[in-house]
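Have a look at the structure below before the remarks.
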Amino acid sequence: MTDLLTLSAARRWDIYGPVHKGLRRAHGAMATRLGAADYGADLRPLLDDLRAHLEMAAQHLTHEEDHIHAALTARAPDAVAELGEQHEHHRARFAALTAAIARLEHGERADRPGLGRLLYLEFSAYVAEDFLHMLHEETVTWPLLCALFSDDELMAIEQAIIASLSPEETIATMRMMLPAMNPAERTGLLTGMKAGAPPQAYAAVIEHAARPTLPLSDFAELQRLGLAA
Ligand SMILES: [Fe+2]
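According to numbering that gives the first Met the number 0, the sequence shown is numbered sequentially starting from 0.
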């Protein structure tokens, strides 16, 4: 972990950290909901949210591949191959989850508690794998990226990912990330966004992502800093 201490102290561009914090928080929240659900009740809200969550997780893999892995390909092909294998494993897990959702939706009412438990366990396996995968990216891939790319290059890669998002995807991503980040990370992200994004787009992030997800005290701090109206 020495590399990480050095890289953090040097404030190298943390391309994985904030978005992975958001994914970890969202994975935990979804696992809790799947565990606490009444599988005899109307499952549509839960399963719609689960599908949206898996869609966002799948998009995250694609963003990393299209931008981070593409940049790494020329400079560290072995690292890309290993990351690619882990992503393909996730995709197989997504297929198993999709099948588990369909079995629950179409199952007999009496079978739903058991099918719900299977879905919960399948999701927990995915979360366990993704936590380890994200740990690998932050402790192995990030030091490699820092050795091979300048901060300006890492920022440009991240900017290209952000620029590829639709307005709806931007809001969904910010809803996931903002409540998971620490105050310094949140302030840094929003300060940069306020300076670079059109005012309407920034206002939408505040109204539809920050205000509904942050504790009152954290939102008040953004107001105090002039980052929220
Ligand atoms: Fe990844």
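Built from N, CA and C at the ideal position, the CB exists for glycine as well.
#1: Looking at C-beta atoms only, is the number of pairs between the stretch 139–147 and the stretch 5–21 that lie closer than 8 Å three or more?
#2: Return the CA-CA distance between S7 and D110, expressed in angstroms with no decimal places.
#3: What's the call for D47, buried or exposed, on a 16-neighbour Cβ count within 10 Å?
#4: Using the C-alpha atoms, what's the distance from C145 back to W12?
#5: On the criterion of 16 or more Cβ atoms from any shown chain inside 10 Å, does A40 qualify as buried, or is it exposed?
#6: Note down, in chain order, each residue of its chain lying with its Cβ closer than 6 Å to the Cβ of P214, except the 5 sequence neighbours on either side.
#7: Note down the Cα distance separating D77 from E128, rounded to an integer number of angstroms.
#8: Smallest Cα separation from T31: which of L114, G225 and F122?
#9: Does at least one heavy atom of ligand 1 sit under 7 Å from the Cβ of E84?
#10: In this structure, how does DSSP classify P214 when only helix, strand and coil are distinguished?
#11: Does the beta-carbon of T169 have 16 or more other beta-carbons within 10 angstroms, so that it is buried, or is it exposed?
#12: Excluding sequence positions up to five away, which residues of its chain have a Cβ less than 6 Å from the Cβ of H132?
#13: Reducing DSSP to helix, strand and coil, say where E107 ends up.
#14: Could you tell me which whole alpha helix (DSSP H) segments of length 4 or greater appear in the stretch 124–207?
#15: Assess, as a yes-or-no matter, whether the stretch 60–68 is touched by the stretch 182–200 under the definition of 3 or more beta carbon pairs within less than 8 Å.
So, to answer that:
#1: yes
#2: 50 Å
#3: exposed
#4: 8 Å
#5: exposed
#6: Once the five neighbours on either side are set aside, P214 has no close Cβ partner at all.
#7: 21 Å
#8: F122
#9: With a cut-off of 7 Å, the C-beta of E84 is classified as distant from ligand 1, since no heavy atom of the ligand falls inside that distance.
#10: In this structure, DSSP gives P214 a state outside helix and strand, which the three-state scheme calls coil.
#11: Buried: at least 16 other Cβ atoms inside 10 Å.
#12: Q85
#13: coil
#14: 141–147, 150–162, 166–176, 182–195 and 198–204
#15: no
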